[in-house]
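In the working numbering, the protein residues as written are 412 to 610.
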């Protein structure tokens with residue numbers, strides 16, 4: 412075996428072992444400490460933002476964080492990733508989302524049953540686990556039911572407070588709380604988001 416093949420095999424083994432160890436750590440009680448540490452880190456950063464004391468390093472970390480969410484978030488919730496990307500770079504223009512998932516969401520379907528044609532109402536999901544893909548994108552959200560169509564819509568402007576958080580899950584059973592207001596350090600532009608489908 413050539414030296415390059417041996418190095419490749421060694422590298423693959425090292426990466427595999429590293430992933431296995433990291434997975435075991437995240438699933439152990441140490442994983443909870445990691446989650447709590449991330450939550451505390453971002454909570455403190457949000458406090459600095461509210462006090463207008465963000466460092467340039469905070470600014471770089473925040474931009475990197477939200478651009479990563481906008482890019483890598485497509486794996487977990489394409490709708491949420493599009494919303495974050497548009498909030499960062501859309502300039503306030505309306506965003507029309509693909510309704511493929513939204514029209515099949517169990518939460519949306521349950522809410523839709525409460526509306527008659529011509530009615531509109533805003534809904535909020537109490538527990539993220541009911542439909543995390545939906546809640547990453549919309550919570551709350553509004554529905555308007557017509558005779559042959561449904562419009563899901565919401566004005567997107569993340570809250571600017573200390574109390575509103577989104578749990579970002581990065582592994583089954585693992586996740587940290589990210590203050591919604593932290594994104595405001597990027598100076599995003601609020602906008603209307605829509606999805607429409609036939610019924």
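Even glycine gets a Cβ: it sits at the ideal position worked out from N, Cα and C.
Name the residue from the options whose alpha carbon lies nearest to the alpha carbon of residue i.
i: residue 600; options: 569, 516 and 430; result: 569
i: residue 529; options: 470, 466, 431 and 559; result: 559
i: residue 573; options: 479, 426, 472 and 462; result: 462
i: residue 585; options: 430, 429 and 449; result: 449
i: residue 477; options: 488, 490, 491 and 495; result: 495
i: residue 606; options: 566, 507 and 444; result: 507
i: residue 355; options: 597, 609 and 602; result: This structure gives no information on residue 355, because the portion of the chain shown stretches from 412 to 610.
i: residue 371; options: 420, 523, 503 and 513; result: Residue 371 lies beyond the stretch modelled for the chain, which goes from 412 to 610, so this question has no answer here.
i: residue 484; options: 575, 580 and 609; result: 580
i: residue 510; options: 455, 577, 548 and 576; result: 548
i: residue 575; options: 562, 561 and 594; result: 594
i: residue 578; options: 609, 487 and 608; result: 487
i: residue 534; options: 497, 493 and 564; result: 564
Whole angstroms is fine: what's the gap from residue i's alpha carbon to residue j's?
i: residue 452; j: residue 591; result: 14 Å
i: residue 499; j: residue 414; result: 46 Å
i: residue 501; j: residue 425; result: 41 Å
i: residue 481; j: residue 532; result: 28 Å
i: residue 551; j: residue 469; result: 29 Å
i: residue 515; j: residue 554; result: 14 Å
i: residue 417; j: residue 430; result: 20 Å
i: residue 609; j: residue 503; result: 27 Å
Would you decide whether residue i is buried or exposed? Buried here means 16 or more other CB atoms lie within 10 Å of its CB.
i: residue 525; result: exposed
i: residue 427; result: exposed
i: residue 604; result: buried
i: residue 360; result: No answer is possible for residue 360: it lies beyond the span of the chain, which begins at 412 and ends at 610.
i: residue 464; result: exposed
i: residue 589; result: buried
Checking contacts by CB at 7 Å: is residue i closer than that to chain C?
i: residue 537; result: No chain C appears in the structure shown, which is made up of a single protein chain.
Identify every run of the alpha helix (DSSP H) within the region 443-505, keeping only runs that are complete inside it and at least 4 residues long; order them along the chain. 467-483 and 489-500
Would the region 541-553 count as touching the region 512-529 if we require 3 or more Cβ pairs under 8 Å? yes
Segments assigned alpha helix (DSSP H), at least 4 residues, entirely inside the region 522-558: 543-548
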